[in-house]
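Visitor:
Residue numbers (the UniProt record's numbering): 1 to 265.
1. With a 10 Å radius around its C-beta and 16 neighbouring C-beta atoms as the bar for buried, classify residue 167 as buried or exposed.
2. Assuming residue 256 and residue 153 are in contact, meaning their beta carbons sit under 8 Å apart, how far apart are those beta carbons, in whole angstroms?
3. In whole angstroms, what is the alpha-carbon distance linking residue 3 and residue 18?
4. If you check the beta carbons only, do residue 157 and residue 174 fall under 7 Å apart?
5. My understanding is that residue 67 touches residue 131, with C-beta atoms under 8 Å, so please give their C-beta distance in whole angstroms.
6. May I have a chain-ordered list of the beta strand (DSSP E) segments no shorter than 3 residues that lie completely inside the segment 20 to 79?
7. Count the other CB atoms, across all protein chains shown, that sit within 10 Å of the CB of residue 197; report buried if there are 16 or more and exposed otherwise.
8. Contact between the segment 110 to 119 and the segment 231 to 250 is defined here as three or more beta-carbon pairs at a separation below 8 Å; is this criterion met?
9. Per DSSP, which residues does residue 261 bridge with? Please list them.
10. According to DSSP, what are the bridge partners of residue 147?
11. Should the segment 80 to 91 be called in touch with the segment 36 to 45, which here means at least 3 C-beta pairs below 8 Å?
12. Taking 7 Å as the threshold (C-beta atoms), are residue 238 and residue 195 in contact?
13. Tell me which residues share the same chain as residue 133 and place their Cβ nearer than 6 Å to its Cβ, disregarding the 5 neighbours each side in the sequence.
14. What residues are listed by DSSP as bridge partners for residue 230?
15. From this set, 89, 87, 102, which residue's C-alpha is nearest residue 79's C-alpha?
16. Thinking C-alpha only, which one of 126, 176, 62 is nearest residue 110?
17. My understanding is that residue 105 touches residue 149, with C-beta atoms under 8 Å, so please give their C-beta distance in whole angstroms.
18. Kindly provide the ranges of any beta strand (DSSP E) runs that are 3 or more residues long and lie completely inside the segment 130 to 189, ordered along the chain.
19. Determine the extent of the alpha helix (DSSP H) in which residue 17 is found, giving its start and end residues.
20. When we look at the beta-carbon of residue 206 and count the other beta-carbons within 10 Å, is it buried (16 or more) or exposed?
21. Have a look at residue 209 and residue 137 and give me their C-alpha separation to the nearest angstrom.
22. Please classify residue 247: does DSSP put it in a helix, a strand, or coil?
23. Tell me whether residue 219 is buried or exposed, calling it buried when 16 or more other Cβ atoms sit within 10 Å of its Cβ.
24. Answer yes or no: do residue 36 and residue 10 have a C-beta to C-beta separation smaller than 7 Å?
25. Mapping DSSP to helix, strand and coil, what is residue 96?
This is the structure in C-alpha cells:
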C-alpha cells in the first residue's frame, strides 16, 4: 500500500501558520508532494523544513520567492533528482523526483502562464521540454521494472469537466486548446493515466483550486489542475483517490486542496 498526496501550498511559510502543520501531523500519506513553496530551505520553520518522521527534500527556485517544490517521504529514497535535464528550468523550482522501492515519485509545478505575455511563452517552452522527458522516464522505469507517478500542479484543466466555468475560460491560460491538446499527449503519447479521472470518469471536477476572490470556494466554482499522473501498472492498482476539500473557506491553508490517492500492492 502506498498513499500519496499532492498539494500546492501557495507559500509554505504562510500555510504553516494557517493549519498546514496540523494537517501534516494528521495525514496518513506515505509520500507528500508540495508545490509553490516559495522559500529557501533556510527560511522554512523547522516544523516544515524537517518534520519528525519524514525525509524532506526541497528544490527552491533561483528566483527568490517564486515557485519551489518539495517532497516528503516516510521512507528514505534510493535516489533524489532535481530538475529534468532542461537547463532553463533545472533551477526554477519546478521539478523534483525520488526513487522508492518499485516506483519513482515526482513533484511538479508547471508554469501558470498568462495569455499574450512572456509567462505563456515560458509555459510553452516548459511543456515542449517536459513531454519528451516524461516519455523517457516511463521507458527507463519500465526497463527497470518500475512504475512512475508524477504529482503536482499541472496548471491545465484537461477537459470541460475539469473546470466549472469552462465556457468563459476558453481563451484563458490553463484551458487553451493547445494546452489541453498537450495534456492529451501526456496520456496518449507518453502513456500516463489521470488517476482521479479514471476513477471518476463522469464527474464534474472534483475541483482542486478555487480563487480567493468572490465566493468561488463556497459555490464550488473551481478548476481541477492538481493531478496524479501514473504509469498504467500503478494506475491499475489505485484503490481510491479524492480531493481533501476543507470544511469551510476559513479552514483553508491554501487556495488549492490536497489531492490524495491510495495505491495497492
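C-beta atoms are modelled at their ideal positions from N, C-alpha and C, and glycine is treated no differently.
Guide: The structure says:
1. As a working note, residue 167 is residue 167 in the chain shown. Residue 167 should be labelled exposed.
2. Your numbering for residue 256 matches position 256 in the chain shown. Your numbering for residue 153 matches position 153 in the chain shown. Residue 256 to residue 153, Cβ: 7 Å. Contact.
3. Sequence index remark: in the chain shown, residue 3 carries index 3 (1-based). Sequence index remark: in the chain shown, residue 18 carries index 18 (1-based). Near 24 Å, if we compare the C-alpha coordinates of residue 18 and residue 3.
4. Taking the first residue of the chain shown as 1, we reach residue 157 at position 157. Taking the first residue of the chain shown as 1, we reach residue 174 at position 174. Cβ atoms of residue 157 and residue 174: closer than 7 Å.
5. As a first step, residue 67 must be located in the chain shown, where it is residue number 67. As a first step, residue 131 must be located in the chain shown, where it is residue number 131. With a Cβ gap of about 19 Å, residue 67 and residue 131 do not count as contacting.
6. 31 to 35, 55 to 59, 69 to 73
7. The count along the chain shown starts at 1 and reaches residue 197 at position 197. The residue is buried, with at least 16 neighbouring Cβ atoms inside 10 Å.
8. no
9. Reading the chain shown from its first residue, position 261 is the one you call residue 261. According to DSSP, residue 261 bridges with 4, 241.
10. Residue numbering aside, residue 147 sits at position 147 when the chain shown is read from its first letter. 103.
11. no
12. Taking the chain shown and counting its residues from 1, the one referred to as residue 195 is at position 195. Taking the chain shown and counting its residues from 1, the one referred to as residue 238 is at position 238. Cβ distance < 7 Å, so residue 195 and residue 238 count as in contact.
13. Residue numbering aside, residue 133 sits at position 133 when the chain shown is read from its first letter. So the list reads 84, once near-sequence residues are dropped.
14. On the chain shown, position 230 is the one that residue 230 refers to. Answer is 149, 193.
15. Sequence index remark: in the chain shown, residue 79 carries index 79 (1-based). Selected option, being the one with the closest Cα: 102.
16. To locate residue 110, count along the chain shown from 1; it is residue 110. Taking only the C-alpha atoms, the option nearest residue 110 is 126.
17. Here the question's residue 105 lines up with position 105 in the chain shown. Here the question's residue 149 lines up with position 149 in the chain shown. The Cβ separation is near 5 Å, so the contact holds.
18. 147 to 153
19. Here the question's residue 17 lines up with position 17 in the chain shown. Residue 17 -> alpha helix (DSSP H) spans 12 to 17.
20. The residue given as residue 206 occupies position 206 in the chain shown. Per the 10 Å Cβ criterion, buried.
21. Here residue 209 refers to the residue found at position 209 when the chain shown is read from its first residue. Here residue 137 refers to the residue found at position 137 when the chain shown is read from its first residue. C-alpha separation (whole angstroms): 28 Å.
22. For this step, residue 247 is matched to residue 247 along the chain shown. If DSSP states are grouped into helix, strand and coil, residue 247 belongs with coil.
23. Residue 219 sits at position 219 when you count from the first residue of the chain shown. Exposed is the call here.
24. Your numbering for residue 36 matches position 36 in the chain shown. Your numbering for residue 10 matches position 10 in the chain shown. Yes, the pair counts as a contact, with Cβ atoms nearer than the cut-off.
25. Here residue 96 refers to the residue found at position 96 when the chain shown is read from its first residue. Residue 96 falls in the strand class under three-state DSSP.
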